[in-house]
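*Asks:* If you scroll down you'll find the structure; I have some questions about it.
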Amino acid sequence: MDNPDLICQNYFSKPGLRQHQRPVVESVLSGKNTIGILATGGGKSLTYQVPYVLSQGITLVVSPLIALIDDQVSGLPSRLKTSTVTLSGGNDSLRQAIQTALETDRRCLVYTGPEKLAHFVKATPLAGMVTRFVLDEAHCASEWGNTFRDAYLELPKVWERLERPQIQAMTATASPGTLSDIKAMFPVEFNVIQSSIYRSNLHLSVVEHQATEHRDNHLLLLIRKRIGPVIIYANSRTYVDRTANWLCEMGLRAEGFHAGMPTEIRSNIQARFIAGKTEILVATIAFGMGIDKSDVRHVFHVEPPSTLEDYQQQVGRAGRDGNLSWCVLFDTMNKRRHRNEALRSAIKSAEQESRDAFSYKLLLRKGEMERFLKTATCRHGYLLTYSGETMAKRKCGHCDNCSGH
Ligand SMILES: [Zn+2]
0 MDNPDLICQN
10 YFSKPGLRQH
20 QRPVVESVLS
30 GKNTIGILAT
40 GGGKSLTYQV
50 PYVLSQGITL
60 VVSPLIALID
70 DQVSGLPSRL
80 KTSTVTLSGG
90 NDSLRQAIQT
100 ALETDRRCLV
110 YTGPEKLAHF
120 VKATPLAGMV
130 TRFVLDEAHC
140 ASEWGNTFRD
150 AYLELPKVWE
160 RLERPQIQAM
170 TATASPGTLS
180 DIKAMFPVEF
190 NVIQSSIYRS
200 NLHLSVVEHQ
210 ATEHRDNHLL
220 LLIRKRIGPV
230 IIYANSRTYV
240 DRTANWLCEM
250 GLRAEGFHAG
260 MPTEIRSNIQ
270 ARFIAGKTEI
280 LVATIAFGMG
290 IDKSDVRHVF
300 HVEPPSTLED
310 YQQQVGRAGR
320 DGNLSWCVLF
330 DTMNKRRHRN
340 EALRSAIKSA
350 EQESRDAFSY
360 KLLLRKGEME
370 RFLKTATCRH
380 GYLLTYSGET
390 MAKRKCGHCD
400 NCSGH
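Residue numbering for the sequence shown follows numbering that gives the first Met the number 0, starting at 0 and increasing by one per position.
Next comes the structure, spelled out in structure tokens:
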């Protein structure tokens, strides 16, 4: 059985590969180093799980978050779980588990975070045994990504030590900066496959108010008129707690979610939201990566996120079922003025130090976010251009600038 569609049916109970998954899987199976850019909710994991079933040896999946790995592993069909190993705990037992999987199934799916991988590979002779090196949420390996960690800098060395296996990098965010950072990490040719990030079922708008009280009134009005689950994004933990409390006082079923909470509490909050028991989740950027909830109807931002990459990822969590969903980003005039003044002077002083520094590049990306807020052109078109795509038509009809609301 070497047909990817048959693997989808027999292993994953899915009718076959979806249109945008197919070229990625075909590129990987043809042995090419592949960068796949699939819109959020596009089924990225299947694009390396299917080739895994069709391969021998170790498929190594580097993932930024343990929570994400746990989700992926628990979602695997049971016949694949026996050959799946998550790198955590002592190296000896992990080596044994990998060895057993290779002897029994001739293959092993290994999930790991970047820090543990570097450690493990130093202590374990895996050279020549790894067939494929998968970078999941590959934007995290880029300084343009939003959760950059030093351990990602070690990945090229680890890859060399493994005798340069085939690379598959998957991401939903594809600004040219991210893409060139990923490419620059490894001295190989990449086949880049990009499915459009255009999400025609999302209505995007930006609303500016004079003061935060006006914004809160407007937000409350929209929440009262909601037609499905709501995610509200805020930038700080304090703001998340305050907003969640305020909504509860207004008689709404809301909960807050941020990285400052203990893991167990966080996963309970997440589970209640996914099950529909909590209607409104107020969260920082910590919420969402790898979360599979298809019926989110509204994504509100009580303040602009720091970068357009963050914005794209966050609005991408609305309407994964393909139904019309609303994304409203609120801004307040006095805050915008302060933000822009601070940004201008920070850019000026950073410019004098180094234009190559991460901090300087981050400031420029913040500037992109500010331009997006002010643009009078189509918002979907703006996002597509930012990601290096072109919009087929000049007006989308479902953003505030095209539709007038
Ligand atoms: Zn538009």
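Here a beta-carbon is modelled for each residue, glycine too, at the ideal position from N, C-alpha and C. Keep in mind the model is a prediction, meaning the values are calculated, not measured.
1) Sorted by chain position, which residues of the same chain lie with C-beta nearer than 7 Å to Ala375's C-beta, five sequence neighbours on each side aside?
2) Ile231 and Val295: beta carbons closer than 8 Å?
3) I'd like to know if the region 166-182 and the region 29-48 are in contact, where contact means that at least 3 CB-CB pairs between them fall below 8 Å.
4) Report the CB separation of His202 from Leu323 in whole angstroms; it is logged as a contact under 8 Å.
5) Comparing C-alpha positions only, which one of Pro124, Arg106, Ala150 sits nearest to Asp91?
6) With which residues is His208 paired in a DSSP beta bridge?
7) State buried or exposed for Arg319, treating a residue as buried only when at least 16 other CB atoms are found within 10 Å of its CB.
8) Please classify Gly144: is it buried, with 16 or more other beta-carbons within 10 angstroms of its beta-carbon, or exposed?
9) If you follow the alpha helix (DSSP H) that Asn9 is in, where does it begin and where does it stop?
10) If we call anything under 8 Å between Cβ atoms a contact, is Gly30 one with Ile65?
11) Alpha helix (DSSP H) containing Asn407: first to last residue?
12) Could you check if Pro175 is buried or exposed, using at least 16 other CB atoms within 10 Å of its CB as the buried criterion?
13) Buried or exposed: where does Gly287 fall if 16 or more other Cβ atoms within 10 Å of its Cβ makes it buried?
14) Need the endpoints of the beta strand (DSSP E) that Val133 sits in, please.
15) How long is the line joining the alpha carbons of Ser204 and Val314, rounded to whole angstroms?
16) Under the criterion of a Cβ to heavy atom distance below 7 Å, does Asn400 qualify as lining ligand 1?
17) Is the CB-CB distance between Val129 and Gly35 below 8 Å?
18) Using the C-alpha atoms, what's the distance from Lys334 back to Phe299?
19) Using CA atoms only, rank isn't needed, just tell me which of Leu59, Ser62, Gln48 is closest to Arg78.
20) Report yes if the C-beta distance between Leu251 and Ile273 is below 8 Å; otherwise report no.
21) For the alpha helix (DSSP H) holding Leu108, just list the boundary residues, first then last.
22) Let me know if Leu220 comes out buried or exposed under the rule of 16 or more other beta-carbons within 10 Å of its beta-carbon.
23) Compute the minimum distance between the beta carbon of Cys395 and the heavy atoms of ligand 1, and state whether it is under 7 Å.
24) Write down the C-beta distance between Arg106 and Tyr51 rounded to the nearest angstrom, noting that I regard them as a contact closer than 8 Å.
25) Roughly how many whole angstroms lie between the Cα atoms of Pro303 and Asn339?
26) Let me check you understand the geometry: is the CB of His202 closer than 7 Å to at least one non-hydrogen atom of ligand 1?
27) Might you give, ordered along the chain, the residues of its own chain that have their beta carbon closer than 7 Å to the beta carbon of Leu362, omitting 5 neighbours on each side?
28) Starting from the N-terminal side, write out each stretch of the beta strand (DSSP E) that is 3 residues or longer and does not extend beyond the region 82-107.
29) Pick from Glu388, Tyr238, Arg160, Pro76: whose alpha carbon is nearest that of Val281?
30) Is there contact between the region 15-28 and the region 95-102, where contact requires at least three CB pairs shorter than 8 Å?
31) Exposed or buried, what is Ser353 when buried is set at 16 or more other beta-carbons lying within 10 Å of its beta-carbon?
32) Candidates Thr81, Leu154, Asn190, Thr103: which alpha carbon is nearest Ala117's?
*Replies:* According to the data block:
1) Reading the sequence shown from its first residue, position 376 is the one you call residue 375. The residues are Asn400.
2) Counted from its first residue, the sequence shown places residue 231 at position 232. Counted from its first residue, the sequence shown places residue 295 at position 296. No, the pair does not count as a contact, with Cβ atoms beyond the cut-off.
3) The region 166-182 is in contact with the region 29-48.
4) One-based indexing of the sequence shown puts residue 202 at position 203. One-based indexing of the sequence shown puts residue 323 at position 324. The beta carbons of His202 and Leu323 sit about 7 Å from each other, so the pair counts as a contact at 8 Å.
5) To locate residue 91, count along the sequence shown from 1; it is residue 92. In terms of CA proximity to Asp91, Pro124 leads the group Pro124, Arg106, Ala150.
6) Along the sequence shown, one-based indexing puts residue 208 at 209. BP columns for His208 point to Thr331.
7) The residue given as residue 319 occupies position 320 in the sequence shown. Taking every protein chain shown into account, the CB of Arg319 has 16 or more other CB atoms within 10 angstroms, so this residue is buried.
8) Indexing the sequence shown from 1 puts residue 144 at position 145. A caution first: Gly144 carries a pLDDT of 48, below 50, which makes its placement in the model too unreliable to give a value.
9) Taking the sequence shown and counting its residues from 1, one reaches residue 9 at position 10. Asn9 -> alpha helix (DSSP H) spans 3-11.
10) Taking the sequence shown and counting its residues from 1, one reaches residue 30 at position 31. Taking the sequence shown and counting its residues from 1, one reaches residue 65 at position 66. Taking 8 Å as the Cβ cut-off, Gly30 and Ile65 do not qualify as a contacting pair.
11) Summary: the structure shown does not reach residue 407, with the chain confined to residues 0 through 404, and so no result is reported for it.
12) Counting from one through the sequence shown, the residue named residue 175 turns up at place 176. Flag for Pro175 reads exposed.
13) Locating residue 287 in the sequence shown gives position 288, where the first residue counts as 1. Answer is buried; the Cβ neighbour count reaches 16.
14) Here residue 133 corresponds to residue number 134 of the sequence shown, with the count starting at 1. Residue range 129-134 is occupied by the beta strand (DSSP E) that includes Val133.
15) On the sequence shown, residue 204 is found 205 positions in, with the first residue counted as 1. On the sequence shown, residue 314 is found 315 positions in, with the first residue counted as 1. Rounded to the nearest whole angstrom, the C-alpha separation of Ser204 and Val314 is 11 Å.
16) Locating residue 400 in the sequence shown gives position 401, counting from the first residue. Because some heavy atom of ligand 1 lies under 7 Å away, the Cβ of Asn400 counts as near it: yes.
17) Numbered from 1 along the sequence shown, position 130 holds the residue referred to as residue 129. Numbered from 1 along the sequence shown, position 36 holds the residue referred to as residue 35. It is not a contact, given that the beta carbons lie outside the stated cut-off.
18) Mapped onto the sequence shown, residue 299 falls at position 300. Mapped onto the sequence shown, residue 334 falls at position 335. Whole-angstrom Cα-Cα distance: 17 Å.
19) The residue you call residue 78 lines up with position 79 of the sequence shown. For the set Leu59, Ser62, Gln48, the Cα lying nearest the Cα of Arg78 is the one of Gln48.
20) Here residue 251 refers to the residue found at position 252 of the sequence shown. Here residue 273 refers to the residue found at position 274 of the sequence shown. No, Cβ-Cβ distance for Leu251 and Ile273 is not below 8 Å.
21) Working through the sequence shown from its first residue, we reach residue 108 at position 109. It is not in any alpha helix (DSSP H) - Leu108 instead sits in the beta strand (DSSP E) that spans 106-111.
22) Sequence index remark: in the sequence shown, residue 220 carries index 221 (1-based). It is exposed - the Cβ of Leu220 has fewer than 16 other Cβ atoms within 10 Å.
23) Position 396 of the sequence shown, counted from the start, is the residue given in the question as residue 395. Taking non-hydrogen atoms of ligand 1 into account, the C-beta of Cys395 is found less than 7 Å away from one of them.
24) If you number the sequence shown from 1, residue 106 lands on position 107. If you number the sequence shown from 1, residue 51 lands on position 52. Their Cβ separation, rounded to whole angstroms, is 7 Å, which keeps Arg106 and Tyr51 in contact under 8 Å.
25) Within the sequence shown, numbered from 1, the residue matching residue 303 stands at position 304. Within the sequence shown, numbered from 1, the residue matching residue 339 stands at position 340. Here the C-alpha atom of Pro303 lies approximately 12 Å from the C-alpha atom of Asn339.
26) For the purposes of this step, residue 202 is taken as residue 203 along the sequence shown, with counting starting at 1. Ligand 1 never approaches His202 closely enough for any of its heavy atoms to be under 7 Å from the residue's Cβ.
27) To locate residue 362, count along the sequence shown from 1; it is residue 363. Only Leu342, Ala345, Ile346, Ala349 meet the Cβ criterion.
28) Entirely contained in the region 82-107, the beta strand (DSSP E) runs reaching 3 residues are, in chain order, 83-85.
29) Translated into positions along the sequence shown, residue 281 becomes position 282. When each option's Cα is compared against that of Val281, the closest is Tyr238.
30) Contact between the region 15-28 and the region 95-102 is absent, with fewer than three C-beta pairs closer than 8 Å.
31) Locating residue 353 in the sequence shown gives position 354, where the first residue counts as 1. Exposed is the call here.
32) Taking the sequence shown and counting its residues from 1, the one referred to as residue 117 is at position 118. Relative to Ala117, the option among Thr81, Leu154, Asn190, Thr103 whose CA is nearest is Leu154.
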